[in-house]
Ligand code: FAD
Ligand code: SIN
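In my numbering, the protein residues as written are 596 to 1140.
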């Protein structure tokens, strides 16, 4: 058993920003950061386009960024949260610059600003087309120079410890569910360990792997959301899965799809269908730079209408030097598979990209479970509503990491609070938190039971719960998920745990929550499009599960 003051689960932009802040503010406290993979294997590392922020007050304004975010969110954003994120954003971006992240500049020293779908102004700061890699690098460097942060890799967090583990009945009606720490699978020892913490922050990222085609790396399996749901915490708006319109179409290539950033369209890239037609003008007056939900649906419709598996992104008219200066990574990737963007169009199709819903939090990042914060893509803060505005997620992660930190500070100064330092013994029954009970479990006989179920899950979600949905498809999906759930629970009860089994179990839970949310939403709004209810309902509501 270990004890720590602050436990941070996840080493992307959200987790590391929070860890740095608490470690700096409380040099005498212990901060433990855990990740199930290597330090930088995160969605953050793959972010391309950049971070949306108002830092040119002459041409841009907070009001415009707020307005763009609200329009994309299609009536479901929390306006107060939108204002918070947009207005606090510039200070947070300055902090990461101070930690060493570099954004591209013009010759006169001013920042280069890109544009993406749904933005009325050029406001996206970027580091070529590898912005996330640069931000993650800066954060890891800063964390490494902080002596009170311990960073543990290859540790898979299995479950949040609550009163349930002390033998109490905990359900959705239990008023004060409390987080005491977590059980983790140490992938080096293959043992489940117990970690007790004063404050726990979940920053476990997205869930794109629930779908067959995704821009997300293999870590994006929705673990945090599934853990909170199992612990009887609140999760909301899971039906709003954002499909990025332009993932590189590479037949036969399995796993993470390579992204062609929306910034390419921001710089003038044009979508064309099989016949070479620039079709977006038939769908929206903003054409190729309409919000993502509209562009992804338009591509889906063109692919179905013309019977193709992709459309084209035309960049042949670009100045090669300008293209390679802004998008060197994309240029090289395309060239490596025989596509010279100056001569050939790029085949692209939509791919699951971002989860707008997640663990429900308030405006300080507090989840419905005491002592448990959630931040970054795993959280639902109210910023994105029914559809996230491009490049708003890195910003949200930083703003909310800061707000979680600010709220954590008050925990030390409020005498009535029950915050426990790691140096204090746990009081009362908390010392009775049991060790993990693995009695009666054995190695699973065949891994194929897990790999095949994962394929089935991804197939079901892609075929029935994709960009366009209807009631019959959702009912079918739910029936198939029920069966997968039953089979996987049997395996879970009888097997020694492995990351693959734990991820499958979490992904089935996340799939269930997406389908459940989609079933409850009797309308089409933002990213959720159901042909049985093609219009928006007058009832504007979050679906809380
Ligand atoms: P992540 O960066 O995904 O980190 C999650 C962490 O949690 C990882 O360390 C993981 O190992 C850990 N973890 C998960 N489960 C467990 C577990 N059970 N136990 C232990 N550790 C666990 N957004 C923008 O704003 N601008 C962009 O330009 C942009 N481009 C993108 C391009 C791509 C290809 C992708 C995939 C996303 C992009 N996004 C972009 C979205 C953005 O990158 C993510 O939303 C954001 O980085 C998420 O950060 P995070 O810290 O919440 O999670
Ligand atoms: C992109 O670069 O197109 C992705 C931006 C985002 O997801 O916010």
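We put the CB at the ideal spot given by N, CA and C, even for glycine.
I need the straight-line Cα distance from residue i to residue j, nearest angstrom please.
{"i": "residue 777", "j": "residue 739", "result": "24 Å"}
{"i": "residue 1041", "j": "residue 877", "result": "51 Å"}
{"i": "residue 1121", "j": "residue 888", "result": "6 Å"}
{"i": "residue 707", "j": "residue 701", "result": "6 Å"}
{"i": "residue 1074", "j": "residue 639", "result": "34 Å"}
{"i": "residue 1112", "j": "residue 611", "result": "30 Å"}
{"i": "residue 1117", "j": "residue 644", "result": "33 Å"}
{"i": "residue 1134", "j": "residue 927", "result": "48 Å"}
{"i": "residue 824", "j": "residue 818", "result": "10 Å"}
{"i": "residue 783", "j": "residue 598", "result": "20 Å"}
{"i": "residue 916", "j": "residue 720", "result": "20 Å"}
{"i": "residue 1043", "j": "residue 1093", "result": "13 Å"}
{"i": "residue 976", "j": "residue 796", "result": "14 Å"}
{"i": "residue 862", "j": "residue 659", "result": "20 Å"}
Taking the Cβ atom as the reference point for each residue, do residue i and residue j lie within a distance shorter than 8 Å?
{"i": "residue 947", "j": "residue 808", "result": "yes"}
{"i": "residue 609", "j": "residue 970", "result": "yes"}
{"i": "residue 987", "j": "residue 837", "result": "no"}
{"i": "residue 1139", "j": "residue 953", "result": "no"}
{"i": "residue 656", "j": "residue 648", "result": "no"}
{"i": "residue 857", "j": "residue 992", "result": "no"}
{"i": "residue 841", "j": "residue 994", "result": "no"}
By DSSP's criteria, residue i is part of a beta bridge. Which residues make up the other side?
{"i": "residue 918", "result": "According to DSSP, residue 918 bridges with nothing at all."}
{"i": "residue 653", "result": "Looking at the DSSP assignment, residue 653 forms no beta bridge with any residue, so it has no partner."}
{"i": "residue 809", "result": "947"}
{"i": "residue 763", "result": "Looking at the DSSP assignment, residue 763 forms no beta bridge with any residue, so it has no partner."}
{"i": "residue 681", "result": "Per DSSP, none; premise fails for residue 681."}
{"i": "residue 623", "result": "Bridge partners of residue 623: none, in fact."}
{"i": "residue 995", "result": "DSSP lists no partner for residue 995."}
{"i": "residue 952", "result": "Paired residues: none, contrary to the question."}
{"i": "residue 1123", "result": "1120"}
Quick check on DSSP: helix, strand or coil for residue i?
{"i": "residue 661", "result": "helix"}
{"i": "residue 781", "result": "strand"}
{"i": "residue 940", "result": "coil"}
{"i": "residue 749", "result": "coil"}
{"i": "residue 1059", "result": "helix"}
{"i": "residue 958", "result": "coil"}
{"i": "residue 871", "result": "coil"}
{"i": "residue 541", "result": "Lying outside 596 to 1140, the shown extent of the chain, residue 541 is not represented and no answer is given."}
{"i": "residue 795", "result": "strand"}
{"i": "residue 932", "result": "coil"}
{"i": "residue 1085", "result": "helix"}
{"i": "residue 829", "result": "coil"}
{"i": "residue 724", "result": "coil"}
{"i": "residue 611", "result": "helix"}
{"i": "residue 1114", "result": "helix"}
Beta carbon of residue i: closer than 7 Å to some heavy atom of the ligand PLP?
{"i": "residue 814", "result": "Of the ligands this structure carries, namely the ligand FAD and the ligand SIN, none is the ligand PLP."}
When the Cβ atoms of the segment 619-631 are set against those of the segment 676-689, are three or more pairs found closer than 8 Å? no
Is the segment 849-858 touching the segment 794-812, taking contact as three or more C-beta pairs under 8 Å? yes
Whether or not the segment 742-757 and the segment 768-777 are in contact is what I'm after, with contact meaning three or more pairs of Cβ atoms, one per stretch, closer than 8 Å; do they touch? yes
Would the segment 899-914 count as touching the segment 1076-1091 if we require 3 or more Cβ pairs under 8 Å? no
Within 8 Å, do at least three Cβ pairs link the segment 693-700 to the segment 596-608? no
Pairs of beta-carbons, one from the segment 737-751 and one from the segment 722-729, closer than 8 Å: are there three or more? no
Would you call the segment 931-942 and the segment 959-967 touching, i.e. three or more CB-CB distances under 8 Å? no
Does the contact criterion of 3 or more C-beta pairs under 8 Å hold for the segment 867-886 versus the segment 897-905? yes
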